[in-house]
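Here the structure is laid out as structure tokens; the discussion comes afterwards.
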Amino acid sequence: MTPVWMIEGTKQLDPVGERNVAERRFSALAAAVRQHEASTRRGLPGARAADTALYRRLRQIIGEPPQARSVA
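Numbering-wise (this note's numbering), the sequence shown opens with residue 45 and increments by one.
Listed below in structure tokens is the structure:
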């Protein structure tokens, strides 16, 4: 994975630019967490407690409704 500074550069940004960078970084982080959740759900019968807490906290932060638990 490419470091963010290699893509965005190292120049100083105004407050609006800084906010835009922060939003892009958060969006990329949220996408990575979702990808991790999808890959672990396919591969393992049960998620680790720390992973489940991370997925739940991401949903709380971005305002998504809680995900329904599947009963196997």
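Think of the CB as a built atom: it goes at the ideal place given N, C-alpha and C, for glycine as much as any other residue. Model, not experiment: these values are computed from the prediction.
Problem set entry | Of the residues K55, A72 and Q56, the one placed nearest I106, counting alpha carbons only | A72
Exercise. Mapping DSSP to helix, strand and coil, what is P109?
Worked result: coil
Exercise. Is it true that the CB of A93 sits closer than 8 Å to the CB of T84?
Worked result: Not a contact, by the Cβ cut-off of 8 Å.
Problem set entry | Beta-carbon proximity of A74 to L57, cut-off 8 Å | no
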